[in-house]
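Just below is one structure, and these are the notes that go with it.
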Amino acid sequence: MSQSSTQPNALQHVAVIMDGNGRWAKERGLPRLEGHKAGAESVRAVCQSCIEKNIPYLTLYAFSSENWKRPRHEIDGLMSLLERFLKTKMPDFKRQGIRLHAIGRLDRLPPKTRKALEDAIEKTKDNNNLNLILSLSYGSREEIVDATRDIAMEVAAGKISIQDVDNELFSQHLYTADFPDPDLLIRTSGELRLSNFLLWQLSYAEIYVTKVFWPDFRQEEFNRAVDEFASRNRRFGKV
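The working numbering applies: residue 30 is where the sequence shown begins, and numbers increase by one.
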């Protein structure tokens, strides 16, 4: 299903690089983990905004493959925060009709964290107001390598031929095969890079960058990004 909408400004899928938690905390003289805790409220606000605007897909870059290089104590703290988030937000997920998904090399997550994630995915599988996709232990280059490896194995096994390999077949082997490509990418904190996030899927996405740190990103900021998206002329290579 990994494809963009055919309508120029139809907004089905928003992807967010949630950046600036550490700097937000530093400005306040707080430990970095406090910034990550504060960012959880922004997740709630953006989910609510998507539901109100009938945007069915929201992908959040929660933990990258490069984040494993961070200090051990910070990684442990982030995993604990994720577990707590999944457990404490379950009533909100049910009330708001949020269905949880996860993409990435999830086998790298600690067993306790992975169990909490799998439980949350199972408990929300019948919700249908919003598909919330968490990118965890995720790196787009790794995703593309994994897809290439899977296709090569299928070719070697005689399941498909080289001639069958095209854009659509490749998309079907990505972690995001069940979701449409993002129409809008939002990056907070003012950084101007993709950071190994959805490189294939963002090919035709509109990009919106704000200097606001993620913990301060609320519905007003989200609405500003959506309004900016609506004002753009999406040509998809056409004149």
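No residue lacks a Cβ here, since even glycine has one placed at the ideal position from N, Cα and C.
Please read all numbers here as calculations on a predicted model, not as lab measurements.
Item                                                                                                                                                                               : Value
Helix or strand or just coil, what does DSSP make of Phe92?                                                                                                                        : strand
Quick one: is Ala149 buried, meaning 16 or more other Cβ sit within 10 Å of its Cβ, or exposed?                                                                                    : buried
On the premise that Leu87 lies in contact with Leu159, defined as a C-beta separation below 8 angstroms, what is that separation, rounded to the nearest angstrom?                 : 6 angstroms
Quick one: any contact between the stretch 61 to 81 and the stretch 119 to 131, if contact means 3 or more CB pairs under 8 angstroms?                                             : yes
Using the rule of at least 16 other Cβ atoms within 10 Å of the residue's Cβ for burial, across every protein chain shown, is Thr35 buried or exposed?                             : Any reading at Thr35 must be qualified, since the residue scores a pLDDT of 45, below 50, and its modelled position is unreliable; no value is offered.
In the DSSP assignment, what residue or residues form a beta bridge with Val45?                                                                                                    : Leu89 and Ile215
Say whether the stretch 95 to 113 touches the stretch 172 to 185, bearing in mind that this needs 3 or more beta-carbon pairs closer than 8 angstroms, one atom from each stretch. : no
Closer than 8 angstroms is the cut-off here; do at least three beta carbon pairs connect the stretch 211 to 221 with the stretch 135 to 147?                                       : no
Where does Thr35 fall in DSSP's three states?                                                                                                                                      : Note that Thr35 scores a pLDDT of 45, beneath 50, so its modelled location is shaky; the value from the coordinates is reported in the next line. Correct three-state label for Thr35: coil.
Do Arg134 and Ser94 have their beta-carbon atoms positioned less than 8 angstroms apart in this structure?                                                                         : yes
So what does DSSP say about Ser166, is it helix, strand or coil?                                                                                                                   : strand
My parser needs the alpha helix (DSSP H) runs of 4 or more residues fully inside the stretch 138 to 198; what are they?                                                            : 140 to 152 and 169 to 185
Are the CB atoms of Pro244 and Ser109 within a distance shorter than 8 angstroms?                                                                                                  : no
Alpha carbons only, please: which of Leu129, Lys66, Asp48 and Val238 is nearest the one belonging to Asn157?                                                                       : Leu129
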